[in-house]
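With the numbering used here as the guide, the letters of the sequence shown map in order to residues 200 to 575. Below is one structure, written out as structure tokens; the observations come after it.
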Amino acid sequence: MPAEAFDPFVYAHARRREIVWMSQNTNHLVPPGPATTAVREALEERRYEGYPYAPGLAELKTLVLADLGLPADLGCIVSAGGTEALYMLARALLAPGDEVIASDPSYLIIHKFIELSGARPVPLEIYAPPYRLTADRIREAIGPRTKMILLIDPLNPLGSGYPPEEVRAIAEVAKDHGLWLLNDITYRDFADRHTLAYPFHPDRTLTVWSVSKNCGLAGLRLGGLAAPADVTKAVGRFNTNDLGVNILAQVAALADLRSKSTWIESVRTTTRHNQATIRAAVESTPGTFLPVYPSQANMFAIDISATGIAPERLQETLLKDDGVFVRAGNYLSPKFGGRFVRASFSNPPEQVAKFAAAFPAAVDRLRAGAVTPRAA
Ligand SMILES: Cc1ncc(COP(=O)(O)O)c(C=O)c1O
200 MPAEAFDPFV YAHARRREIV WMSQNTNHLV PPGPATTAVR EALEERRYEG YPYAPGLAEL
260 KTLVLADLGL PADLGCIVSA GGTEALYMLA RALLAPGDEV IASDPSYLII HKFIELSGAR
320 PVPLEIYAPP YRLTADRIRE AIGPRTKMIL LIDPLNPLGS GYPPEEVRAI AEVAKDHGLW
380 LLNDITYRDF ADRHTLAYPF HPDRTLTVWS VSKNCGLAGL RLGGLAAPAD VTKAVGRFNT
440 NDLGVNILAQ VAALADLRSK STWIESVRTT TRHNQATIRA AVESTPGTFL PVYPSQANMF
500 AIDISATGIA PERLQETLLK DDGVFVRAGN YLSPKFGGRF VRASFSNPPE QVAKFAAAFP
560 AAVDRLRAGA VTPRAA
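Dropping the structure here:
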């Protein structure tokens with residue numbers, strides 16, 4: 200009988216207390232007090248017995264828009280993670296034959312949603328400096344079927360951030376051509392500075408937000424879409440969560456957003472420190488490099504192509520032999536995924552130090568052909 204393929208997620212979830220989780224850009228640095236207190240109170244009140252107010256807690260929407268500096272009267276959909284908002288807007292705004300200018304590498308789940316709507320992502324290759332899209336390349340790629348531009352800023356997986364003048368220029372290209380601008384800002388709070396596209400193209404910018412990464416609430420599944428009210432109304436027609444989003448997630452997000460100003464700087468300081476730790480480990484490992492440094496998100500792509508090692512093998516030995524979970528690049532790029540692993544670093548420094556010690560040794564083991572990762 201053929202051996203079953205190794206599933207890193209089955210392996211890692213079964214050992215989740217021992218594993219250093221650097222594979223999903225989750226944030227393990229937010230003080231747990233505000234969210235756990237709010238959830239505990241909601242549990243004691245047994246708020247789970249009733250349906251939540253279907254459109255989402257009004258104060259949550261107010262706080263989200265205020266946190267982003269967006270107008271208070273903008274439409275705001277609260278959904279089960281940014282993921283659900285991305286799905287809804289693709290269904291609502293794209294039709295068969297439409298094209299969406301995107302990138303490779305990218306967060307490919309969005310491309311999948313584009314395809315489910317019958318439309319086609321047109322990925323521009325960005326695995327070379329400046330490791331992001333430019334307004335000029337987007338303009339050249341626009342064709343008669345182009346309907347939308349996907350601007351993920353900061354970008355998963357490379358960690359590139361867009362300078363203010365480039366955000367403005369891309370928004371102006373979208374405006375000049377009457378295109379939707381999908382501005383996915385999931386990682387905004389990790390950046391040194393960040394510019395929203397909305398002010399430059401207010402009628403057609405779709406700002407997809409999430410509390411998974413900035414507030415460290417990925418497991419609660421909460422995010423959404425901010426856009427003009429007529430747009431959120433049109434997108435909301437595709438809302439399958441008609442009875443509202445999990446109330447525990449909403450109260451946790453409220454508590455974290457209310458207290459964010461007291462802890463976000465410390466998250467940023469720690470992630471900057473962790474970036475330096477990872478850079479030192481990568482620099483000490485021949486054949487590997489960081490395409491983008493510093494990262495404006497909470498993750499690096501680490502290029503290992505010159506080692507000749509397949510990212511999946513490195514992922515497997517780091518997980519099984521070192522207890523460190525990073526992600527092979529094929530999940531993020533059909534074309535370049537064989538060149539890198541992605542490692543996130545919004546983790547306590549001692550966990551990142553564990554990665555830093557394990558990474559050079561794991562590359563050495565594989566390079567020497569000395570390792571077949573231990574059987575699960
Ligand atoms: C670029 C990007 N957008 C959206 C999401 C989805 O986030 P969530 O559904 O947890 O809000 C992710 C998750 O990793 C992401 O990387």
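Heads up, the beta-carbon is just placed ideally off N, CA and C, and yes, glycines get one too. For clarity, every value in this text was computed on a predicted model and none was experimentally measured.
Same chain, Cβ closer than 6 Å to residue i, neighbours up to 5 away in sequence not counted
{"i": "aspartate 502", "result": "Phe488, Pro490, Arg538 and Phe539"}
{"i": "isoleucine 341", "result": "His376"}
{"i": "proline 230", "result": "Trp462"}
{"i": "threonine 225", "result": "Ala417"}
{"i": "asparagine 413", "result": "Asp388"}
Residue i burial status per 10 Å Cβ neighbour count (16 or more: buried)
{"i": "aspartate 303", "result": "buried"}
{"i": "glutamate 298", "result": "buried"}
{"i": "alanine 204", "result": "exposed"}
{"i": "serine 483", "result": "exposed"}
{"i": "proline 432", "result": "One detail in the question is off: residue 432 reads as lysine in this sequence, not proline. Classification of lysine 432: exposed, given that the 10 Å Cβ count is below 16."}
{"i": "histidine 472", "result": "exposed"}
{"i": "threonine 404", "result": "buried"}
{"i": "serine 543", "result": "buried"}
{"i": "threonine 461", "result": "exposed"}
{"i": "proline 270", "result": "exposed"}
{"i": "valine 434", "result": "buried"}
{"i": "alanine 294", "result": "exposed"}
{"i": "methionine 200", "result": "Per-residue confidence for methionine 200 stands at a pLDDT of 49, beneath the threshold of 50, marking its modelled position as unreliable; the derived number appears in the next sentence. Under this definition methionine 200 is an exposed residue."}
{"i": "threonine 468", "result": "exposed"}
{"i": "valine 209", "result": "exposed"}
{"i": "aspartate 402", "result": "exposed"}
{"i": "arginine 564", "result": "buried"}
Residue range of the beta strand (DSSP E) that includes residue i
{"i": "threonine 439", "result": "Where threonine 439 is concerned, there is no enclosing beta strand (DSSP E), given that its DSSP letter is neither H nor E."}
{"i": "proline 320", "result": "319-324"}
{"i": "threonine 404", "result": "404-409"}
{"i": "alanine 426", "result": "422-426"}
{"i": "leucine 416", "result": "Neither: leucine 416 is in no beta strand (DSSP E) and is coded neither H nor E."}
Nearest-angstrom Cβ-Cβ length linking residue i and residue j, presumed shorter than 8 Å
{"i": "glycine 507", "j": "tyrosine 252", "result": "Not quite, the Cβ-Cβ distance comes to about 56 Å (not below 8 Å), so this is no contact."}
{"i": "alanine 211", "j": "leucine 518", "result": "6 Å"}
{"i": "glycine 422", "j": "alanine 284", "result": "6 Å"}
{"i": "valine 605", "j": "alanine 237", "result": "Not covered by the structure: residue 605. The range shown for the chain is 200 to 575."}
{"i": "leucine 424", "j": "valine 407", "result": "6 Å"}
{"i": "leucine 381", "j": "methionine 347", "result": "6 Å"}
{"i": "asparagine 262", "j": "leucine 456", "result": "Reading the sequence as shown, one finds leucine at residue 262 and not asparagine. Going by Cβ atoms, the distance from leucine 262 to leucine 456 rounds to 4 Å, so yes, they are a contact pair."}
Residue range of the unbroken alpha helix (DSSP H) whose run includes residue i
{"i": "leucine 456", "result": "446-482"}
{"i": "lysine 374", "result": "363-375"}
{"i": "valine 263", "result": "257-267"}
{"i": "glutamate 243", "result": "232-243"}
{"i": "valine 299", "result": "Run containing valine 299: none in the alpha helix (DSSP H); it sits in the beta strand (DSSP E), 298-303."}
{"i": "glycine 281", "result": "280-292"}
{"i": "phenylalanine 312", "result": "307-315"}
{"i": "phenylalanine 208", "result": "207-213"}
{"i": "threonine 516", "result": "510-521"}
Close-in-space but distant-in-sequence residues of the same chain around residue i (CB under 7 Å, 5 per side omitted)
{"i": "glutamine 514", "result": "Pro207, Val525, Arg526, Ala527 and Val540"}
{"i": "glycine 522", "result": "Glu217, Ile218 and Val219"}
8 Å CB neighbourhood of residue i in its chain, flanking five on each side removed
{"i": "alanine 555", "result": "Thr476, Ile477, Ala479 and Ala480"}
{"i": "glycine 268", "result": "Leu395"}
{"i": "leucine 323", "result": "Ile300, Ala301, Ser302, Asp303, Leu332, Arg336, Ile337 and Ala340"}
{"i": "phenylalanine 399", "result": "Val366, Arg367, Ala370, Glu371 and Lys374"}
Next on the checklist: I'd like to know if the segment 288-304 and the segment 534-554 are in contact, where contact means that at least 3 CB-CB pairs between them fall below 8 Å.
Outcome noted: Because the criterion of three Cβ pairs below 8 Å is met, the segment 288-304 and the segment 534-554 touch.
Checklist entry - Looking at C-beta atoms only, is the number of pairs between the segment 311-324 and the segment 432-449 that lie closer than 8 Å three or more? => result By the Cβ test, the segment 311-324 is not in contact with the segment 432-449, since fewer than three Cβ pairs between them sit closer than 8 Å.
Item to check | Inter-stretch contact at 8 Å, needing at least 3 Cβ pairs: the segment 391-398 / the segment 366-382 | outcome: In this structure the segment 391-398 lies against the segment 366-382, because at least three pairs of beta carbons, one per stretch, are closer than 8 Å.
Item to check | Shell residues, 6 Å Cβ cut-off relative to heavy atoms of ligand 3 | outcome: Looking for ligand 3 in the displayed structure turns up nothing; the ligands present are ligand 1.
Next on the checklist: Three Cβ pairs or more, each shorter than 8 Å: is that satisfied between the segment 556-568 and the segment 226-240?
Outcome noted: By the Cβ criterion, the segment 556-568 is not in contact with the segment 226-240, since fewer than three pairs of Cβ atoms, one from each stretch, lie closer than 8 Å.
Item to check | the segment 279-296 in contact with the segment 321-338 per 3-pair CB rule at 8 Å | outcome: No contact exists between the segment 279-296 and the segment 321-338.
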